[in-house]
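Notes to accompany the following structure.
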Amino acid sequence: LRKIVTLTTDFGMRDGFVAAMKGVILGINDSARLVDVSHEIEPGNILEAVYILEETCDSFPGGTIHVCVVDPGVGSGRRPLLVASGGQYFVGPDNGVFTHVLEAEENRTEIYHLTNGRYFGTGLSRTFHGRDIFAPVAAWLSLMEPCQAMGQLIHDPVILSRPRPVTTGEVIEGEIAHTDRFGNLITNITSVLISEVFGADSGGNITIAVGGLSIRGLSGCYQDASVGTEGAIINSFGRLEIFVSGGNAAAWLRIDRGSRVVVSLYA
Amino acid sequence: LRKIVTLTTDFGMRDGFVAAMKGVILGINDSARLVDVSHEIEPGNILEAVYILEETCDSFPGGTIHVCVVDPGVGSGRRPLLVASGGQYFVGPDNGVFTHVLEAEENRTEIYHLTNGRYFGTGLSRTFHGRDIFAPVAAWLSLMEPCQAMGQLIHDPVILSRPRPVTTGEVIEGEIAHTDRFGNLITNITSVLISEVFGADSGGNITIAVGGLSIRGLSGCYQDASVGTEGAIINSFGRLEIFVSGGNAAAWLRIDRGSRVVVSLYA
Amino acid sequence: LRKIVTLTTDFGMRDGFVAAMKGVILGINDSARLVDVSHEIEPGNILEAVYILEETCDSFPGGTIHVCVVDPGVGSGRRPLLVASGGQYFVGPDNGVFTHVLEAEENRTEIYHLTNGRYFGTGLSRTFHGRDIFAPVAAWLSLMEPCQAMGQLIHDPVILSRPRPVTTGEVIEGEIAHTDRFGNLITNITSVLISEVFGADSGGNITIAVGGLSIRGLSGCYQDASVGTEGAIINSFGRLEIFVSGGNAAAWLRIDRGSRVVVSLYA
Chain A
1003 LRKIVTLTTD FGMRDGFVAA MKGVILGIND SARLVDVSHE IEPGNILEAV
1053 YILEETCDSF PGGTIHVCVV DPGVGSGRRP LLVASGGQYF VGPDNGVFTH
1103 VLEAEENRTE IYHLTNGRYF GTGLSRTFHG RDIFAPVAAW LSLMEPCQAM
1153 GQLIHDPVIL SRPRPVTTGE VIEGEIAHTD RFGNLITNIT SVLISEVFGA
1203 DSGGNITIAV GGLSIRGLSG CYQDASVGTE GAIINSFGRL EIFVSGGNAA
1253 AWLRIDRGSR VVVSLYA
Chain B
1003 LRKIVTLTTD FGMRDGFVAA MKGVILGIND SARLVDVSHE IEPGNILEAV
1053 YILEETCDSF PGGTIHVCVV DPGVGSGRRP LLVASGGQYF VGPDNGVFTH
1103 VLEAEENRTE IYHLTNGRYF GTGLSRTFHG RDIFAPVAAW LSLMEPCQAM
1153 GQLIHDPVIL SRPRPVTTGE VIEGEIAHTD RFGNLITNIT SVLISEVFGA
1203 DSGGNITIAV GGLSIRGLSG CYQDASVGTE GAIINSFGRL EIFVSGGNAA
1253 AWLRIDRGSR VVVSLYA
Chain C
1003 LRKIVTLTTD FGMRDGFVAA MKGVILGIND SARLVDVSHE IEPGNILEAV
1053 YILEETCDSF PGGTIHVCVV DPGVGSGRRP LLVASGGQYF VGPDNGVFTH
1103 VLEAEENRTE IYHLTNGRYF GTGLSRTFHG RDIFAPVAAW LSLMEPCQAM
1153 GQLIHDPVIL SRPRPVTTGE VIEGEIAHTD RFGNLITNIT SVLISEVFGA
1203 DSGGNITIAV GGLSIRGLSG CYQDASVGTE GAIINSFGRL EIFVSGGNAA
1253 AWLRIDRGSR VVVSLYA
């Protein structure tokens, strides 16, 4: 069953864009279960959408349809896509928003260029394919229409390159990939990588250097650090995260997305 | 069937006002499908609600119930209304929030003054008729209760006047009606009017003057203009829109709601 | 029946935290009706969550499950709780977020320490029990799993103390408890208390002193005060509220949460 449809956009919630998409979906399948992932993606920031969708989609059951419309190229030649991967579906523009799905290079991933106008809305605007293509396609998909009917298989989708951590001996160099609402600084360094380089249970033996600070060891929870003090932790998505206990690390430490993070053994 | 209920308010999402309305609706009809249109209407800005609802309601199927609570006169003598028009329903205060529906003067539009307290909540506060009148009325309506049972037909609803474009020979003078999240400047000039005045396919022959700028011709998509450059386009609601490719036109051009826009033939 | 699940958090809607919780819930019970109360609680501000949930939960029908995750102590020893009270259910951390329910000391309130991992998600992170504990517990609860199966009854939950108004003769001293989106200043003084101290229908005889201002009498609706003028009213939750007609009282009067409010007889 495919009744859950999630929405990720840079539309904000002040205008009626998101509601228009939902109206179209419910007009085709009034049993669809609609879930907002985020509509506060920075306008046109495709990599932010990749980050947020990557950390969210695993929490949804098989059959979920994720619609993502961060689409600065709307109306141009960029293709509309449907990606079937890992039992879930992804609908949106071919501009890299599904990079996290596509770079996994799973055998069972199928990528369709949406070409069958029968599944589009009536009238195709130049500025709002979320309403005119992606919402109706998602709705028809939720009614169990087959992917193959909707377009042609392709093998050359746009995949964006994302900064990856570099390991040199017993040093990992990564960066801040995202700042969340609490000001927590989330790196692109995973706990799996830390275990590979430093061994399992190495949390007490490592030092994390970021923005002139040096943080020794990993905390077991946010309150392990005293209030107002910075710490590092493995977060709920298995990533190394820098925080200030009871505070806002991004604001207090003046560190932002892209800052360099170095993990090494405590000397 | 009337299971979809949309909500448009100036309540924001930080307080629990919107949730209180949803709790009331689900307490009466737990099968209602609730959709947020916008809760970020500027406090008390009725014309902004008109604009947003007008651009959204056509995306919803017949039978949809739109609740709109931008209601600075709550608790005063202003009447609570139910409007049935074009197969959809509109519930809210009689202060002009449904101007876009009422000025269409459709034969089949029926306007009811909600007077039957049987469809209201228990207890009527002086400050929150969204919860006490409009939410319960919408919920009962979604259960197929007849409009006639809810109040009396009236013929003198409040209709607000909105600035309309003026055509003089081959010159259209309009204004910026709305700025969206991307900073796009949406005018009150429609593509239909442009075709009437300049002929179909006249996009290449017109000049749009706004805020000291002169934009020649219409773009086919946002990326037709080079990054950082302004352009004009017919948007997804059939209106003339000024944009900056990859940027925020409102911020960059320092143009806001109410600014004058003149369309004329390219000399 | 327990199909409605509400969510109150300090997660914001820019990240995917809220959506991850919803994905988990729908993965267990895809018939759950999800309602957002607020995700804009100030990070870590437990009393703000108490305030917002208190003013909202009564609008929901019996059987509703309220999940509240304002949880700065996540991953520490603080207990996860399930509270059954007044026919509704409350799921969240034992840090006082359910103070309004617990301080009512109702006979029929049952408090469970959630200990049965069978109702948790697979994998327990150190930073996101909203996804790993509270969402799955709420989902299983919505499937009518019995509370007793989920943990042990306890009798020592954390209850926060909140400032209460003090009455001395015919003078009530209270404070501003909350500022809403409109800038309305909501006090901790109820209409019930005003009636007890000054008699029923005493609205015209009292003076409200706040921030150097003195407001005589209660307004019947916001528009009873002339535009730009301050007034006092009993709001929709039965509390004394200070407003500026057509304006933002918090901004214009420069009064904030915690400011002293004194109600006395008009001399």
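Quick mapping for you: the protein sequence lines, in order, are chains A, B and C. When you read off a place in the first sequence, starting at 1, and then add 1002, the result is the number in our numbering. When you read off a place in the second sequence, starting at 1, and then add 1002, the result is the number in our numbering. When you read off a place in the third sequence, starting at 1, and then add 1002, the result is the number in our numbering. The beta-carbon is built from N, C-alpha and C at its ideal position, and this holds for glycine as well. As the structure is a prediction and not an experimental result, all values here were calculated from the model.
- Query: In chain A, what lies closer than 7 Å to residue 1061 (chain B) by C-beta?
  - Reply: Result: 1022, 1025, 1026 and 1133.
- Could you tell me how far apart the beta carbons of residue 1174 (chain C) and residue 1167 (chain C) are, in whole angstroms, since I believe they sit closer than 8 Å? Right, the Cβ-Cβ distance comes to about 5 Å (below 8 Å), so this counts as a contact.
- Message: Run through the DSSP bridge pairs and tell me what residue 1126 (chain C) is partnered with.
- Response: Partner(s): none; residue 1126 (chain C) has no beta bridge.
- Task: Compute the Euclidean distance between the alpha carbons of residue 1252 (chain B) and residue 1182 (chain B), then round it to the nearest angstrom.
- Result: If I take the Cα positions, the gap works out to 9 Å.
- Residue interval of the beta strand (DSSP E) (run including residue 1071 (chain A)): For residue 1071 (chain A), the enclosing beta strand (DSSP E) starts and ends at 1067 to 1071.
- 3 or more residues per run - each beta strand (DSSP E) lying fully within the stretch 1143 to 1206 of chain B: Whole beta strand (DSSP E) segments, 3+ residues: 1153 to 1155, 1168 to 1170, 1173 to 1181 and 1187 to 1192.
- From what residue to what residue does the beta strand (DSSP E) around residue 1267 (chain C) run? Unbroken beta strand (DSSP E) run through residue 1267 (chain C): 1262 to 1267.
- Of all the CB atoms in chain C, is at least one closer than 9 Å to the CB of residue 1248 (chain A)? With respect to chain C, the C-beta atom of residue 1248 (chain A) has a partner C-beta closer than 9 Å.
- Beta-bridge partners of residue 1095 (chain C), as assigned by DSSP: In DSSP, residue 1095 (chain C) forms a bridge with C:1082.
- On the premise that residue 1091 (chain A) lies in contact with residue 1084 (chain A), defined as a C-beta separation below 8 Å, what is that separation, rounded to the nearest angstrom? At roughly 7 Å, the Cβ-Cβ gap stays under 8 Å, so residue 1084 (chain A) and residue 1091 (chain A) are in contact.
- Message: For a contact defined as C-beta to C-beta under 7 Å, what are the partners of residue 1078 (chain B) on chain C?
- Response: Near residue 1078 (chain B) (Cβ distances below 7 Å), the residues of chain C are 1223 and 1225.
- Query: Can you check whether the CB of residue 1243 (chain C) is closer than 9 Å to the CB of residue 1189 (chain C)?
  - Reply: Yes, Cβ-Cβ distance for residue 1189 (chain C) and residue 1243 (chain C) is below 9 Å.
- Excluding the five sequence neighbours on either side, which residues of its own chain have a C-beta within less than 7 Å of the C-beta of residue 1177 (chain A), listed in chain order? The residues are 1165, 1189, 1190, 1260, 1261, 1262 and 1263.
- Query: Is the distance from the Cβ of residue 1186 (chain C) to the Cβ of residue 1127 (chain B) below 9 Å?
  - Reply: In this structure, residue 1186 (chain C) sits away from residue 1127 (chain B), with a CB-CB distance that is not shorter than 9 Å.
- Query: Going along chain C in order, which residues have a C-beta closer than 8 Å to the C-beta of residue 1037 (chain A)?
  - Reply: Within 8 Å Cβ-Cβ: 1021, 1024, 1025, 1028 and 1036.
- Message: Do residue 1220 (chain C) and residue 1205 (chain C) count as a contact pair if the criterion is CB distance below 9 Å?
- Response: Yes; because the gap between Cβ atoms is below 9 Å, this pair is in contact.
- Task: Check whether the Cβ atoms of residue 1027 (chain C) and residue 1144 (chain C) sit closer than 9 Å, and answer yes or no.
- Result: Yes, these two residues count as a Cβ contact at 9 Å.
- Task: Excluding the 5 residues preceding and the 5 following residue 1036 (chain C) in the sequence, name in chain order all residues of the same chain whose CB lies nearer than 6 Å to its CB.
- Result: These residues qualify, in order along the chain: 1007 and 1024.
- Query: In angstroms, rounded to a whole number, what distance separates the CA positions of residue 1255 (chain B) and residue 1100 (chain B)?
  - Reply: Here the alpha carbon of residue 1255 (chain B) sits roughly 32 Å from the alpha carbon of residue 1100 (chain B).
- Exposed unless 16 or more other CB atoms sit within 10 angstroms - verdict on residue 1003 (chain C): With fewer than 16 other Cβ atoms within 10 Å, it is exposed.
- Item | Which of helix, strand or coil DSSP assigns to residue 1220 (chain B) | Residue 1220 (chain B): coil per DSSP, three-state reduction.
- Message: If we define contact as Cβ-Cβ less than 9 Å, is residue 1182 (chain A) a contact residue for chain C?
- Response: Yes, residue 1182 (chain A) lies at the interface with chain C (some Cβ there is under 9 Å from its Cβ).
- How many angstroms separate the CA atom of residue 1094 (chain A) from the CA atom of residue 1160 (chain C)? Distance between the alpha carbons of residue 1094 (chain A) and residue 1160 (chain C): 46 Å.
- Is residue 1057 (chain C) helix, strand or coil by DSSP? Looking at residue 1057 (chain C) - three-state DSSP - the assignment turns out to be helix.
- Item | Proximity below 9 Å, CB of residue 1075 (chain C) to CB of residue 1047 (chain C) | Result no, Cβ atoms of residue 1075 (chain C) and residue 1047 (chain C) do not sit closer than 9 Å.
- Message: Assuming residue 1115 (chain C) is part of the beta strand (DSSP E), what are its boundary residues?
- Response: It spans 1112 to 1116 - the beta strand (DSSP E) in which residue 1115 (chain C) sits, taken as one unbroken run.
- Does the beta carbon of residue 1237 (chain A) fall short of 8 Å from some heavy atom of the ligand COA? With respect to the ligand COA, the structure offers nothing, as it holds no ligand at all.
- Any Cβ of chain B within less than 9 Å of the Cβ of residue 1087 (chain C)? It does not: the Cβ of residue 1087 (chain C) has no partner Cβ on chain B nearer than 9 Å.
- Message: Determine, for residue 1054 (chain A), whether the minimum Cβ-Cβ distance to residues of chain C falls below 9 Å.
- Response: Yes, contact with chain C.
- Message: Does any residue of chain A have a CB that is nearer than 9 Å to the CB of residue 1081 (chain C)?
- Response: Not one chain A Cβ lies under 9 Å of residue 1081 (chain C).
- Query: Which whole-angstrom value is the C-beta distance of residue 1224 (chain A) and residue 1010 (chain C), which I expect to be below 8 Å?
  - Reply: With 8 Å as the limit, residue 1224 (chain A) and residue 1010 (chain C) do not qualify as a contact, their Cβ atoms being about 20 Å apart.
- Query: Going by the CB atoms, is the gap between residue 1114 (chain A) and residue 1207 (chain A) shorter than 9 Å?
  - Reply: Contact flag unset, no.
- Task: Kindly indicate which three-state DSSP category residue 1042 (chain A) falls into: helix, strand or coil?
- Result: Looking at residue 1042 (chain A) - three-state DSSP - the assignment turns out to be coil, as it is neither helix nor strand.
- Query: Can the beta-carbon of residue 1138 (chain C) be found closer than 9 Å to that of residue 1029 (chain B)?
  - Reply: No. Outside cutoff.
- Chain-ordered chain B contacts of residue 1238 (chain C) [CB-CB under 8 Å]: Under the 8 Å cutoff, chain B gives 1127, 1128, 1129, 1130, 1133 and 1134.
- Task: Name the one or two DSSP bridge partners that residue 1234 (chain B) has.
- Result: Answer by DSSP bridge pairing, in chain order: B:1244.
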